[in-house]
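In our numbering, each residue carries its 1-based index in the sequence shown increased by 162. Positions of the beta carbon are idealized from the N, C-alpha and C atoms, including for glycine.
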Amino acid sequence: MRFSDELLVTLSPDGIDWLDGTIREGLNYVQQGEFSVPLDPKDILDRSASIVWGGLMLPDTLPVLDNGCGDVLCLRFGRDGGLSEVIRWAHEGNYWQPFGNTLAEAILCDIASSRARGTLADSEETGEVERALERWAVDWTTRSTGPRLKWIDPCEGDRLSVFRCLLDAGICEVVARSEFCRASLTSGLEQKSMETGGEQIARDLSVDWAKMAEWLFDTASVPDEYREQLSRILQMPIEEIKHQDWAQATREAQRVRELRPDLAWPYAVMGWAAEREQDFLCAIADYTAGLRTLGSSLSCMSNVERGFVAARLSHLLGGTSGDSTTDAYLEAALTPTTGATFPSPIRQFWMREAQRAESSGDYRRAYECYYAAGWDDHVFNDMDQVLDGLVRSADRAGYAALSRIARHHLNCMAETQKGPAKATTQMPRRSRLGSLLAWLFGR
């Protein structure tokens, strides 16, 4: 297969069927979930097709399904070139989240997510033709789960019923628990804000929107003097307005941390939950661990800013941790920036770490640091240097497939910019000044 040969990757059986079979070629109509626009394998490999967004998409991924608005499902590959997972990548902010171990699982996750958000097509509007992708995904997933997958009509039950179905089958646990965590923390205030507009509610209360956003994060922070007014404006008992289940949210976050310690959001949930209980030592431990994750890993908490973990840790520590590397990162993460600040302090930190590792011959560490330089706090400026470092360090670390994929991203980026794409053996040059794209964590 040309796809595997060119990039040295190993696909899962359902991935091979997807790329070679007829199911992909027949999807020229609306499906049940969000992602229903298949990408042609030839276009994925064509640097001029603008399918792979080099410097934006994660450099170890390849897109396979589009939603027509720029967001995609991507195959993600590991150090050995094998499929490691499928992710959902959002073009706005370059955030991503795990979406299953195989493409078939990811498609079922997509259907479950659409159901959870109330955007799933009604059963009466979808016939056998429109549900072909769903049937394909169920068939392939059942081959691995066996009878444990008791698939239900996605339109039946409550909004989280499909995720419970997947969890019972032992698949898509990270996504499911992320949704359960989100549901546990969605207060009546947040629901009303989504329905009528949070800024309008803030105006009705004569409260600054930024202050009310803090209430959305943790409704325990709603001042007593606003409770009666809130209840009157929203026509809802204050108990419903403020209801959040932090204990359940913490349990979900703890389980996800066990499964995926590389994701950022569980540490924010656990750290703040510990602070609420006055367990500051536990909060410090959670926040410190959270610093070692990628900020671009999508948060299940829409009200947590990118710098939340660093800010809370610095507050609890009184400024320093006693560990030089942690302190250097904290300083970078908390350095005020403007639209003209570039290179960003976080980019500078990770580039220095990458260059230090590369100089000492620790190419595995160098690859990890170049990765973080690009996607901890994403800024598009000088991403060719980041990709160049990824190509070089992956090659020297023996990650042949990851080197090939990163080079493909570099080539696609160069084609888009109509510039040369050359991976060099030189250390990256100093970053030039440019505009900074700053995005909120979990926006």
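In chain order, Ala-494, Ala-495, Asp-538 and Asp-539 place their CB closer than 7 Å to the CB of Ile-508, counting only its own chain and leaving out the 5 sequence neighbours on each side.
The alpha-carbon separation between Val-553 and Trp-371 amounts to approximately 44 Å. For Gly-280, the secondary structure class from DSSP, reduced to helix, strand or coil, is coil. DSSP, read as helix, strand or coil, puts Trp-258 in strand. By the neighbour-count criterion, in which 16 or more other beta carbons inside 10 Å mark a residue as buried, Ile-273 falls on the buried side. Check the Cα spacing between Arg-250 and each of Thr-578, Ala-411 and Val-337: the tightest is with Val-337.
Taking a 10 Å sphere around the C-beta of Cys-231, we find fewer than 16 other C-beta atoms and assign the residue as exposed.
Beyond the five residues adjoining it in sequence on each side, Ser-349 comes within less than 7 Å, by CB distance, of Thr-381, Ile-403, Lys-404, His-405 and Gln-406 in the same chain, given in chain order. Cβ atoms of Cys-343 and Ala-415 come within 8 Å of each other, at about 6 Å.
Residue environment analysis places Ser-275 among the buried positions, since at least 16 neighbouring C-beta atoms fall within 10 angstroms of its C-beta. Straight through space, the alpha carbons of Leu-245 and Ser-346 are spaced by roughly 32 Å. Taking the Cβ atoms as the reference, Ala-562 lies roughly 32 Å from Gly-332, outside the contact range of under 8 Å. When the beta-carbon positions are compared, Ala-528 and Ser-565 stay at least 8 Å from each other. Under the DSSP assignment, Pro-507 falls in the alpha helix (DSSP H) whose first and last residues are 507 to 521. With contacts defined as CB atoms closer than 8 Å, Leu-224 and Ile-567 qualify as a contacting pair. Between the alpha carbons of Leu-218 and Val-541 lies a gap of roughly 9 Å.
Within its own chain, the residues whose Cβ lies closer than 6 Å to the Cβ of Arg-241, once the five positions on either side in sequence are excluded, are Tyr-561, listed in chain order.
About 6 Å separates the beta carbon of Glu-267 from that of Thr-303, a gap short enough to meet the 8 Å contact definition.
Beta-bridge analysis with DSSP links Asp-228 to Val-199 and Val-234.
The C-alpha of Thr-358 is placed about 17 Å away from the C-alpha of Ile-400. The shortest CA-to-CA distance from Ser-476 to any of Leu-460, Thr-412, Asp-448 and Ser-458 is the one to Asp-448. The beta-bridge partner set that DSSP reports for Phe-239 consists of Leu-245.
In the three-state scheme derived from DSSP, where H, G and I count as helix and E and B as strand, Trp-427 is classed as helix. Its chain contains Phe-165 and Leu-181 as the residues whose beta carbon lies nearer than 7 Å to that of Pro-203, once the 5 sequence neighbours on both sides are disregarded; these appear in chain order. The three-state secondary structure of Trp-251, taken from DSSP, is strand. Beyond the five residues adjoining it in sequence on each side, Pro-260 comes within less than 7 Å, by CB distance, of Glu-247, Ile-249, Val-336, Val-337 and Arg-422 in the same chain, given in chain order. By the CB criterion at 8 Å, Ala-445 and Leu-478 fall inside the cutoff.
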